Amino acid sequence: MTERIEVMISEEEVNAKIRELAEQISHDYAGKTVHLITILKGGVFFAAELAKRLTVPVTIDFMSVSSYGSGTISSGVVRMVKDLDEPIEDLDVLVVEDVIDSGRTLKYLLDNLGTRKPASLRLCTLLDKPTRRVTDIKVDYTGFRIPDDFVVGYGLDFDQKYRNLPYIGVISFDD
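Quick note, in my numbering, the sequence shown goes up one by one and the last residue is 573.
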């Protein structure tokens, strides 16, 4: 089986959207410190670029939650792989994710984080696949709404490959 990747969103479009999101987030968090919680591994590329463009003070921590394994379809079983290093009580938390599809993983994560008493809790995603949603989840900042294609690049992977692509691409498979 060979893999083929077609560009869906160019590097220039991704960078422009991240600048736009950073401006909005900086405006909304004016006078505050935003505590970014980056979801590993895919969210790192997006979070790093977003953080560099924020004009408010930033602190950062990481979590790893998984519902995929090595396939292309969410298993529906959410598993916490790495928890936060520091408490988030009274912090203005912004969860940064690469893509939201079914919403199961983020629903689990946001419910979990909400019990830790942050001052505020918001969600930012580079990509949103609303047609895949099976649970109600509020996304505060969305880069791109995309169709239900399996995408790679800019942190998103297929079997741990293609995260380093500087654009968002649709992967297809040839036998």
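Ideal Cβ positions, reconstructed from N, Cα and C, are used throughout, including at glycine.
Computed from a predicted structure; not experimentally measured.
8 Å Cβ cutoff met for residue i and residue j
{"i": "Val-454", "j": "Ser-424", "result": "yes"}
{"i": "Ile-416", "j": "Arg-451", "result": "yes"}
{"i": "Asp-526", "j": "Val-537", "result": "yes"}
{"i": "Ile-544", "j": "Val-494", "result": "no"}
{"i": "Val-550", "j": "Phe-556", "result": "yes"}
{"i": "Lys-535", "j": "Val-412", "result": "One detail in the question is off: residue 535 reads as Ile in this sequence, not Lys. Not a contact, by the Cβ cut-off of 8 Å."}
{"i": "Leu-504", "j": "Ile-498", "result": "yes"}
Residue nearest to residue i in terms of C-alpha spacing, selected from the options
{"i": "Ser-462", "options": "Tyr-560, Leu-508, Asp-573, Tyr-539", "result": "Leu-508"}
{"i": "Lys-430", "options": "Val-475, Thr-400, Gly-553, Val-491", "result": "Val-491"}
{"i": "Arg-502", "options": "Lys-559, Asp-572, Thr-533, Gly-567", "result": "Thr-533"}
{"i": "His-433", "options": "Asp-459, Ala-414, Ser-500", "result": "Asp-459"}
{"i": "Asp-373", "options": "Ser-500, Val-475, Thr-457", "result": "Residue 373 lies beyond the range of the chain shown here (399 to 573); nothing can be said about it."}
{"i": "Gly-574", "options": "Ala-446, Glu-421, Met-399", "result": "With the chain represented from 399 up to 573, any question about residue 574 goes unanswered, as that position is not in the structure."}
Those residues which DSSP pairs with residue i across a bridge
{"i": "Tyr-539", "result": "Cys-522"}
{"i": "Ser-570", "result": "Arg-402"}
{"i": "Phe-556", "result": "Lys-559"}
{"i": "Asp-477", "result": "In the sequence as displayed, the identity of residue 477 is Arg instead of Asp. Partner(s): Ser-464."}
Alpha helix (DSSP H) segment containing residue i, residue limits
{"i": "Arg-576", "result": "As displayed, the chain neither begins before 399 nor continues past 573, which places residue 576 out of reach and without an answer."}
{"i": "Lys-505", "result": "502 to 512"}
Range of the contiguous beta strand (DSSP E) that encloses residue i
{"i": "Asp-496", "result": "490 to 498"}
**OP:** Could you tell me which uninterrupted beta strand (DSSP E) segments, each at least 3 residues in length, are contained entirely in the stretch 419 to 468, listed from first to last along the chain?
**Re:** Counting only runs of 3 or more, we get 432 to 438, 456 to 464.
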